[in-house]
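Just below is one structure, and these are the notes that go with it.
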Amino acid sequence: MTIPADEITAPWWEATRRGSLLLQRCGACRRAQHYPRALCAACGSTDLTWTESAGRGVVDSFTVVHRSPFPEPQAPYVVARVRLAEGPVLLTNLVGAAPDDWRCDEPVRLTWRPVGDGRRLPVFEKE
Amino acid sequence: MAVSTAVAVVGAAESDLGATGKSILHLQAQAVTRALADAGLCLADVDGLATAGASRFSAAQVAEYLGIEPAWTDSTFAGGSAFEMYVARAAQAIGAGQCSTVLISHGSDQRSARSRSLAGAAETHTPQAQFETPYGPLFPLSHYAMAAQRYLHVHGARREHLAEIAVAAREWALRNPAAFRYGAGPLTVDEVLAAPMVSSPLTAADCCLVTDGGGAIVLTSLERARDLRPDPVVVLGYGESTTNAGMAAPDDLLRPGSIGSGRRAFAMAGLGPGDVDVAEVYDSFTITVLMTLEGLGFCGPGEAAGFVGGGRIRPGGAFPLNTNGGGLSYCHPGMYGLLLLVEAVRQLRGECGDRQVPGAEVALAHGTGGVFSTHATVLLGVDR
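See below:
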């Protein structure tokens, strides 16, 4: 499966090749947002610049998927919402531990999973 | 603010349900003809149509099939809550004089056609296709599973509390001959917990059925409704809230849009949660019900786990909930929202036999669509 991109998100995907997780920072309200958009969803400003996430966050919630219609990842795997220290919440996978060994609110850090075309997906492991 | 022109439901019916081997439009036609017969009306009386799920141009598709040329249509696509939204739009259209008699209908052949996938429908142009789908969430199940996980963590609740929703739904279904699980016997908490885990903490028994099914209701002005045969069921109030498309967007998983939709519906009706005699709340998953009961104000945040215990929501309990057996044990076509309305109407008319709530005068129907994305509440009452 090739993950689609568009003219707004292309720089975000390019940065994943060098292991950089980008966020958009609003010049008007200073809020950080993910995913990249053509405007700030908090205040409507179009004054947006790229900033790099420090890659630290906490598990907001997670679910272990036991039965999957997708070829990747192989079940069982962990789908999670991770709240970055900068504020935005990402959907992601939790990796590097047994699927049943995760708790809400535990700290995690960024790591990467290749998707086969040089781009990489940000995923998270235990801090 | 009250509903400006009083509008009433004058007809309600189901199509065949379960595993029917029938097409979407056949099921629609069944539901529509039965609902019109119930109202004592015919297709020539219908000048408004609201429907979804029949095709990309759903209203045009269904109107053509029925042989009508409506003066007003709505095909708002909002998943399971769309039909509660249609009640609001229909009341407004009738009040504004754009049409006089509205048919709201749905039909789904998803079980016979095997068209349901755990992956959901792929739309490659959406942000979710880039930033969510690559991680393999089941759609919509994994979102509700994450809400459940957070709910259990924050409120110290247990999976047994979720299971009670499925157990009570089964108790009601055993009293409804139209229910898919009518003859299945009781369900126990242990059976729910021991069912195959699909997306933790939700097992297959925490998830709604996948069935064919459909339904239709007919609305017109209360003034006209009083001249028709059935007892009118009055639209007392409605409210809605649309909050998110994807799974990462909500800042707080435990603050669902039902907070806003319920507050607006109760304010319009001049009623509060304590006035509701029977509640039909979308049970796509067990957690959906716990969170919606809190959102609508039947109990406080974190209290639903205790609220539903002690038999309160089972037959004979103080809070009759999902009295047809719900999406969990009665029927869950592609979108269940219309069947919530059908059951609410029947309860207010006193037509429910073994599952009738004695003296029910105010009913609530609440639809939820997508990943806790769309929420719509309708309050219905007997004509006083």
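Taken in sequence, the protein lines are chains A and G. At the far end of the first sequence sits residue 127, using the numbering used here, and the numbering has no gaps. At the far end of the second sequence sits residue 511, using the numbering used here, and the numbering has no gaps. Cβ atoms here follow ideal geometry from the backbone N, Cα and C, with glycine treated the same way. Nothing here was measured: the structure is a model prediction, and the numbers come from that model.
Handout entry: Environment of A:D40 [buried if 16+ CB atoms lie within 10 Å]
Key = A small correction: the amino acid at residue 40 of chain A is Cys; Asp does not occupy that position in the sequence shown. A:C40 is buried by the Cβ-count criterion.
Problem - Given G:P357 as reference, the closest of G:R476, G:F446, G:V403 once Cα atoms are compared - result: G:R476
Problem - Contact list for G:F499 against chain A, beta-carbon separation under 7 Å - result: Those within 7 Å of G:F499 in chain A number zero; the least Cβ separation is about 12 Å.
Practice task
Decide if the region 415 to 435 of chain G is in contact with the region 302 to 316 of chain G; the criterion is three or more beta carbon pairs, one per stretch, under 8 Å apart.
Solution key: no
Practice task
Return the residue from the list G:R439, G:A372, G:S242 that minimises the CA-CA distance to G:A404.
Solution key: Residue identity differs from the one stated: residue 404 of chain G is Asp in this sequence, not Ala. Of the candidates G:R439, G:A372, G:S242, the one whose C-alpha sits nearest the C-alpha of G:D404 is G:R439.
Exercise for the section: Please decide whether G:G422 counts as near chain A, where near means a Cβ-Cβ distance under 7 Å. Expected result: no
Handout entry: Under 8 Å from the C-beta of G:D378: neighbouring residues of chain A
Key = V89
Handout entry: Burial state of G:R238 (16 or more Cβ within 10 Å)
Key = buried
Problem - Per-residue contacts from G:A256 into chain A (C-beta, under 8 Å) - result: I3, P4
Handout entry: 8 Å CB neighbourhood of G:R277 in its chain, flanking five on each side removed
Key = L380, L381
Exercise for the section: Please check if any C-beta of chain C sits within less than 7 Å of the C-beta of A:P122. Expected result: As a matter of chain content, chain C is missing from the structure shown, whose protein chains are A and G.
Practice task
Look up G:M462 in the DSSP assignment and say whether it is helix, strand or coil.
Solution key: coil
Handout entry: Short CB-CB distance (under 7 Å) between A:S61 and chain G
Key = yes
Exercise for the section: Go ahead and pull the three-state DSSP assignment for G:F258. Expected result: helix
Practice task
For A:Q74, count neighbouring Cβ atoms within 10 angstroms of its own Cβ and tell me buried if that reaches 16, exposed if not.
Solution key: exposed
Exercise for the section: Pick out the complete beta strand (DSSP E) segments inside the region 330 to 379 of chain G, 3 residues or longer, and give them in chain order. Expected result: 340 to 348, 360 to 369
Problem - Sequence-distant residues of the same chain with beta carbon closer than 7 Å to G:L163, five excluded per side - result: G138, C169, L170, V345
Exercise for the section: From the DSSP output, read off the bridge partner residues of A:L21. Expected result: Answer is none; A:L21 lacks a bridge partner.
Handout entry: Span of the alpha helix (DSSP H), counted from its first residue to its last, around G:E191
Key = 185 to 193
Problem - Contact set between the region 323 to 336 of chain G and chain A, restricted to residues whose Cβ is under 7 Å from the partner - result: M324, V325, S326, S327
Exercise for the section: Mind listing the chain A neighbours of G:E191? Cutoff is C-beta to C-beta under 8 Å, in chain order. Expected result: In chain order: nothing, as chain A lies at least about 34 Å away.
Problem - Min CB distance G:A487 to chain A below 7 Å - result: no
Problem - A:P11 at chain G interface by Cβ criterion, 7 Å - result: no
Problem - As assigned by DSSP and simplified to three states, the class of A:R67 - result: coil
Problem - Span of the beta strand (DSSP E), counted from its first residue to its last, around A:P122 - result: 120 to 126
Problem - Residue closest to A:R83, alpha-carbon to alpha-carbon, out of A:C104, A:S68, A:E72, A:V95 - result: A:C104
Practice task
Would you be able to state if there are at least three C-beta pairs under 8 Å between the region 225 to 243 of chain G and the region 89 to 98 of chain A?
Solution key: no
Exercise for the section: Tell me whether G:A392 sits in a helix, a strand or coil according to DSSP, three-state version. Expected result: helix
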